[in-house]
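For the sequence shown, my numbering gives the first residue as 121, with consecutive numbering after it.
Taking it in order: structure first as C-alpha cells, then the write-up.
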Amino acid sequence: MSKSVKSQQAATVRPFKVFTEYQYAFTAVSHLLQSTDVPDPQLVYIYGPSGCGKSALINSLIPDYDKLHPDAEWNSMTASEFAAKYAVASKNKRISTLQDKLRELKLLVLEDIHSLENRMHTQIELLSTLDVILKQGGVAIITSIKPPGELAHFQKKLINRFHGGVCVGISPLKYQSRLELLKFWADFEQIPIKEKELTLIARQKESSPRELSAILNQLHTVSRIQQNRIDGRFVQEFLSGNLDPPRTSPAKITRVVCREFKTSLAQIRSANRSQQIVLPRQCAMFLSRELTGESLANIANYFNRKNHSTVIHACRQIQNDLEKSPGLRQQISRIKQQLGVYPL
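So this is what it looks like as C-alpha cells:
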C-alpha cells in the first residue's frame, strides 16, 4: 500500500473537544498511537452508541501518529468494507495478495465490528490478520456499538483478542458537555447563535453528538434560507418540527450533479469506472448521505451498488478531496445552491 493511497483513505479531521465522557477512550487511543515503542496492550476496543464520537476521537489523533511514524503503513475502514474486500479478492482469486497488503500494516482501524455478526469466514480472516499485525509489533483500534461480551455469533478467539486489549465505553454526553460542544462547534462554524439558544438544543437529552451537529447545521441552513436570525422562538419552532430544512432526494441530487458535471443519470448509475464518471457519482453519493435521511443501503441501491461500503468509500473520498480542491468545493457549493440548500 503506497503512502499516497494511505493518505487518501484518511478521514477529514474535524476539531475534537475532549470532555469527561471521552477522557478514558482518548487516553487509551493516545497511548496507543503516540508510543514510539510497541505499546502494551497493542489493541484498543471502543464501544458506544452510534454517533457518540468514536470516529471523531480516532481521526483527531491520526495526524499525531503520522508525525511520529511517517513511514508506517496504516489503513482505516469499516468492517463491512473489510468483508467486501475479501469477497472481491476471493472472487478474483487474489486472497493472498490482499492478505499480504493488510498484514504489513502497522496500524489497522476497523470500525463497526458488530456488522460481522454471523460472518464466520470473514471473522477467521480478521483474526488471522490481527494476529499477524500484532505479532509484528503493529497496533489496532476496533469500534462497535456493543462491548465485546455482547457480540453475538462471533468467534470466541476473536472476542478474546478484543478482551486482551483495552476495552473502553463512551457514555452519552451530559447536559454541560452537550452545551460546551455546541458552543465549540458554533464558534468553529461561525454560526450566529447565542448561548441562551444553544441551551435549548443542549436540553435534547437523547441526542448524540452527531444529531446535535445536524440540528445546529440545519438551523443555520433554514435561518439563511428564510433570512431569519436564530433566536429563542426560531429554535423552539425548529425543535417542535414547525420549521423543516429543505427536503431533497438522491434522485433530485443526482439530476443536479449531472448538470454540474455534464454527464447523464444513466452513466452515474452504471458500472462505468472512468474518472469522468466516478467523481460525479461519488459527489452524488456524498450529498445523498449529507442531505437526505436515506440509509446507506438505500443510497447504494439507488446507484445500483450491491454493498453500502461503496457509499462509505465515496463519502470519505469526497471529504478528503474537499480539503485539497477549491474547485471541487465550488462545485459542491453550486450544487447545494441549486438544491436550495445553502452551503454552511
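Ideal Cβ placement from N, Cα and C applies to all residues, glycine included.
Asked	Found
Nearest-angstrom Cα separation, counted from N280 out to E270	13 Å
DSSP state of G361 mapped onto helix, strand, coil	coil
C-alpha gap between I215 and Y206, whole angstroms	7 Å
Short Cβ contact (9 Å threshold) for V73 with Y165	Summary: the structure shown does not reach residue 73, with the chain confined to residues 121 through 464, and so no result is reported for it.
Beta-carbon proximity of P329 to Y167, cut-off 9 Å	no
Check whether I419 and I438 have beta carbons under 9 Å apart	no
Contacts around F72, its chain only, beta-carbon distance under 7 Å, and the 5 residues preceding and following it disregarded	Because the chain here runs from 121 to 464, residue 72 falls outside it and cannot be looked at.
Segment limits, alpha helix (DSSP H) that includes T156	Taken as a continuous stretch (DSSP letters only), T156 belongs to no alpha helix (DSSP H), as it is neither H nor E.
Buried or exposed (CB count within 10 angstroms, at least 16 for buried), A199	buried
Proximity of E231 and M197 at Cβ, strictly below 9 Å	yes
Residues bridged to L163 (per DSSP)	A260
Span of the alpha helix (DSSP H), counted from its first residue to its last, around G447	446-459
Exposed unless 16 or more other CB atoms sit within 10 angstroms - verdict on E357	exposed
Through-space distance from F304 to D184, alpha-carbon basis	22 Å
According to DSSP, residues forming a beta bridge with N195	L228
Alpha-carbon spacing of A371 relative to V377, whole angstroms	10 Å
T263 and K174 closer than 9 Å at C-beta	yes
Among S333, P292, F282, the one whose alpha carbon lies nearest that of L302	S333
Local conformation of G289 per DSSP, three classes	strand
Residue from G447, S170, K456, R454 whose Cα sits closest to the Cα of S235	S170
Own chain partners of A272 with C-beta closer than 7 Å, once the 5 adjacent residues on each side are dropped	E237
When A404, I178, Q143, L411 are compared against F423, the one with the closest alpha-carbon	A404
Sub-9 Å separation of I261 and L218 beta-carbons	no
Endpoints, alpha helix (DSSP H) assigned at F99	In this structure the chain extends from 121 to 464, so residue 99 is not present and cannot be described.
Short Cβ contact (9 Å threshold) for S429 with E201	yes
Backbone secondary structure at H428 - three-state DSSP	coil
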